[in-house]
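J.:
Number of protein chains: 2
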Amino acid sequence: MENRQVLLARRPSGRLAADDFSLVTGSLPEPAEGEALCRTILLSIDPANRAWMQGRTYRDQLDAGEVMAGFTISEVVDGNDTGLSRGTLVAGDGGWQDYAALPARRLRAVEPIGPLTHEMSVLGITGLTAYFGLLSVGRPQPGETVLVSAAAGATGNVVGQLARIHGCRVVGICGSDRKGRLLTDELGFDAAVSYRSDRFAEELRQACPQGVDVYFDNVGGPVLERTLGLLRERGRVVFCGAVAHYDGDDRTGGISFNPGRMVVRRLRLEGFLVSDFLPEWPSARTALAGWVEGGSLQVLEDVVDGLDAAPTALVGLLAGDNVGKRIVRVAPDPHDPERVLGGR
Amino acid sequence: MENRQVLLARRPSGRLAADDFSLVTGSLPEPAEGEALCRTILLSIDPANRAWMQGRTYRDQLDAGEVMAGFTISEVVDGNDTGLSRGTLVAGDGGWQDYAALPARRLRAVEPIGPLTHEMSVLGITGLTAYFGLLSVGRPQPGETVLVSAAAGATGNVVGQLARIHGCRVVGICGSDRKGRLLTDELGFDAAVSYRSDRFAEELRQACPQGVDVYFDNVGGPVLERTLGLLRERGRVVFCGAVAHYDGDDRTGGISFNPGRMVVRRLRLEGFLVSDFLPEWPSARTALAGWVEGGSLQVLEDVVDGLDAAPTALVGLLAGDNVGKRIVRVAPDPHDPERVLGGR
């Protein structure tokens, strides 16, 4: 059996391009002691993938020649005495390849509540990030104004919908009028503003006439700077990501803020990682699944087929061409009834 | 009876100077309905006094020709049917003058635990600011490193001593080696660094070999920027003041920070005002008084005599020539036993 792998061929210079990657084919990896052999089914495409190329983050920097890293949902094909049974679904750090030998202690068993893709979108890291970032860090109160950037993106759309469910006025910042209409017409946002508009600053102020109580920041950069001026007394900024800073050579570029205003308005700016809330993941998943089931939380997914499509999927994500959670389907879901019944 | 008043003669241009003020003498104010006539005993000199001249903060901007604003401890000389008895000590916003007619509902009765000056330093707004900023906002744990700027100043010295009492490693940033020695030799700081040193960045890193868990910021500006890079995972910055931004024409100048680092290190940056914690003031005063009584919290005061000394006292404070809480004694304490026994 072959194992296709997408390598980071070179460290990107400036904006990431598809030819910064190369597709190679080798043999199946041999799992070492404590490792299981896993077949990739779904591959998560995330803005953070690009940040990993810039330097050390919460993981080591990715270097040229390495298999591109990425979060995966896989099926165990050989448990190799790790206690994992063949056929078990696991979430992990499998990377951009068909097969990976992964340490069992770093895998999390996946027991799908609905479609498997939901385990990577609304019930996976993406949805959990929105849940804890908004509710545990931002802590919005009913009637408050919640602003979210990259609002049509994987995390942003869930943040906005959760804020609506919690009785807030919800404003989304996105990159096109088409996405804006999706937010207001389909997902129940109160307003949407495109950061590409010539009148962005004015439109943002008009969309937030009372100012902003919670700003959920996925982008950093000029949008963040602009938003800091709109924060009300006791306003909060949840730092979830800084995609405006990822797709280039320099991740140290800062944004400017006024420390005196921090005091007078009693602002709180706070960053978080979803892994900080691991013990609370099960209860959050139950809550999220309940809202999905009840119809108040729509699931927005953007599924691309085939491992070879991963490079363009990431390049496009960084340019903002996705709507909702972008996932690469590397192999068919072994438990999908359609596949079993009809084949694909 | 005469009423001396110090006016803000003109809006300062650039750095504040003593001749931006003028001393005038008028007659006693007539209290309106709901107001009491109060005689100023102590006048608080605070960096924020300068910020009030720059624009609207938590109070209206001070304009040229107005009596300079300042926090006071006064004695009621005419209750004027407000329910306040003659002789009652009150804290309020009396300004730089011998007598003020003040709305009774905006006065707080002062019941001194020790010397009256303590009610303006360690047991007053200054000490309470240190207490709530450090313990309620910064929330340091034993063994953590707490860094404080303007560490020999009114709030800073209390912050450092409270952090020591709570089992932290304490590092102070101050403006001279003389102040640094006071912090380490007299107040129990583990280390002190002068921001005026040519080797400031290196000395700061050496003083915080494990990085910084809580940075209590009184200054803003380049010192704040430098410190952000030293924050450990889950590091916190308490924004209490930004004196580096006050003594000039432009208070909008910002400092630069990196939003990506906010996420990866899960930093929290939070501003506060001591008034946010009003219901908890009595219990905090009891705690602070206990530490003073027990000898673990030293009281650092810098008392200047006479209303006419107030302008140079503020100009000097902004240049950093004070040690501890700077207070102008406008009139003798009516309850001071020394005064009663020996006269002054």
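Protein chains in written order, with our numbering: chain A, 1 to 344; chain B, 345 to 688. A virtual CB, placed ideally from N, CA and C, is assigned to each residue, including glycine. All figures in this text were calculated on a predicted structure; none of them were measured in a lab.
1) Nearest-angstrom Cα distance between A531 of chain B and A362 of chain B?
2) Can you pull the chain A neighbours of H589 of chain B, defined as C-beta to C-beta under 8 Å?
3) Give the straight-line distance between the Cα atoms of A100 of chain A and T286 of chain A, rounded to the nearest whole angstrom.
4) Using the Cα positions of R108 of chain A and V90 of chain A, report the straight-line distance between them to the nearest angstrom.
5) Grouping DSSP H, G and I as helix and E and B as strand, with all else coil, what is G436 of chain B?
6) Chain B partners of G418 of chain A, CB-CB under 9 Å?
7) At what residue ranges does the region 520-568 of chain B contain a whole run of the alpha helix (DSSP H), taking only runs of 4 or more?
8) Hey, T416 of chain B and L387 of chain B are a contact pair by Cβ (cut 8 Å); roughly how many whole angstroms apart?
9) From the DSSP output, which residues share a beta bridge with D649 of chain B?
10) Identify whether F132 of chain A lies in helix, strand or coil by the three-state DSSP scheme.
11) Here's the rule I'm using: 16 or more other beta-carbon atoms within 10 Å means buried, otherwise exposed. How should S121 of chain A be labelled?
12) Counting contacts by CB-CB distance shorter than 9 Å, is T461 of chain B in contact with chain A?
13) Which of the residues in the region 46-73 of chain A, read from start to end, lie with their CB under 7 Å from any CB of chain B?
14) Which whole-angstrom value describes the C-beta separation of A472 of chain B and C382 of chain B, a residue pair presumed to lie in contact below a C-beta threshold of 8 Å?
15) Determine the burial state of G70 of chain A: buried for a count of at least 16 other Cβ atoms within 10 Å of its Cβ, exposed for fewer.
16) Determine the direct distance from the alpha carbon of Q485 of chain B to that of I509 of chain B, and round the result to whole angstroms.
17) Is it buried or exposed, M262 of chain A, if we count other Cβ atoms within 10 angstroms and call 16 or more buried?
18) Cβ of V159 of chain A less than 9 Å from any chain B Cβ?
19) Please go through the same chain and pick out, in chain order, the residues whose beta-carbon is closer than 7 Å to the beta-carbon of V212 of chain A, but skip the five residues on each side of it.
20) Quick one: complete beta strand (DSSP E) runs, 3+ long, within the region 227-304 of chain A?
21) Helix, strand or coil, according to DSSP, for V323 of chain A in the structure here?
22) What would DSSP say about R450 of chain B, mapped onto helix, strand or coil?
23) By Cβ distance, which residues of its chain are closer than 7 Å to C208 of chain A, with the 5 residues on each side in sequence left out?
24) Flag this pair as yes or no: are the beta carbons of L288 of chain A and L123 of chain A separated by less than 9 Å?
25) G431 of chain B to D422 of chain B, Cα distance in whole Å?
26) Is the CB-CB distance between L651 of chain B and D364 of chain B below 9 Å?
27) Would you kindly work out how many angstroms separate the C-alpha atoms of S197 of chain A and D63 of chain A, rounded to a whole number?
28) Can you pull the DSSP bridge partners for D422 of chain B?
29) Answer with yes or no whether the minimum CB distance from V328 of chain A to chain B is below 9 Å.
30) On the criterion of 16 or more Cβ atoms from any shown chain inside 10 Å, does P603 of chain B qualify as buried, or is it exposed?
31) Note down the Cα distance separating S366 of chain B from Q398 of chain B, rounded to an integer number of angstroms.
32) From this set, B:R543, B:A376, B:V659, B:V420, which residue's C-alpha is nearest A395 of chain B's C-alpha?
33) Can you check whether the C-beta of A18 of chain A is within less than 9 Å of a C-beta belonging to chain B?
34) Please classify P31 of chain A: is it buried, with 16 or more other beta-carbons within 10 angstroms of its beta-carbon, or exposed?
T.: Reading from the atomic positions:
1) Residue identity differs from the one stated: residue 531 of chain B is Leu in this sequence, not Ala. The alpha-carbon separation between L531 of chain B and A362 of chain B amounts to approximately 32 Å.
2) Ordered by position in chain A, the residues that pass the 8 Å Cβ test against H589 of chain B are N258, P259, G260.
3) Straight-line Cα distance between these residues: approximately 30 Å.
4) Taking the straight line joining both Cα atoms gives about 5 Å.
5) For G436 of chain B, the three-state secondary structure derived from DSSP is strand.
6) Given that chain A is displayed from residue 1 to residue 344, the structure contains no residue 418 of chain A and the question cannot be resolved.
7) Unbroken alpha helix (DSSP H) stretches of 4 residues or longer found wholly inside the region 520-568 of chain B: 521-525, 544-551, given in chain order.
8) That pair is a contact at about 5 Å.
9) Bridge partners of D649 of chain B: B:R673.
10) In the three-state scheme derived from DSSP, where H, G and I count as helix and E and B as strand, F132 of chain A is classed as helix.
11) S121 of chain A comes out buried.
12) Chain A, which has no Cβ nearer than 9 Å to the Cβ of T461 of chain B, makes this no.
13) For the region 46-73 of chain A, the residues whose beta carbon sits under 7 Å from a beta carbon of chain B are, in order, A51, T57, Y58.
14) It is worth fixing the name first, because residue 472 of chain B is Leu in this sequence and not Ala. About 21 Å; that fails the 8 Å criterion.
15) By the 10 Å Cβ count, G70 of chain A comes out buried.
16) Spanning the two alpha carbons is a distance of roughly 11 Å.
17) M262 of chain A should be labelled buried.
18) No, its Cβ sits nowhere closer than 9 Å to a Cβ of chain B.
19) Excluding sequence neighbours, V212 of chain A sits near T145, L147, T227, L230, L231, R232, G235.
20) DSSP runs (the beta strand (DSSP E)) wholly in the region 227-304 of chain A: 231-239, 255-257, 268-271.
21) Of the three classes helix, strand and coil, the one that applies to V323 of chain A here is coil, per DSSP.
22) Under the three-state reduction of DSSP, R450 of chain B is assigned to helix.
23) Within the same chain, T145, L147, V171, L230 come within 7 Å of C208 of chain A by CB-CB distance, once the 5 residues on both sides are set aside.
24) Cβ atoms of L288 of chain A and L123 of chain A: closer than 9 Å.
25) A straight line joining the alpha-carbon of G431 of chain B with that of D422 of chain B spans about 9 Å.
26) With contacts defined by Cβ atoms closer than 9 Å, L651 of chain B and D364 of chain B do not form a contacting pair.
27) Spanning the two alpha carbons is a distance of roughly 37 Å.
28) Per DSSP, the beta-bridge partners of D422 of chain B are B:L381.
29) Contact with chain B is absent for V328 of chain A, since none of that chain's Cβ atoms lies less than 9 Å from the residue's Cβ.
30) The residue in question, P603 of chain B, is buried, as its Cβ has 16 or more Cβ neighbours within 10 Å.
31) Cα-Cα distance, rounded: 19 Å.
32) Of the listed residues, the one whose Cα sits closest to A395 of chain B is B:V659.
33) Residue contact with chain B for A18 of chain A: absent (no Cβ-Cβ distance below 9 Å to any residue of chain B).
34) With 16 or more other Cβ atoms within 10 Å, it is buried.
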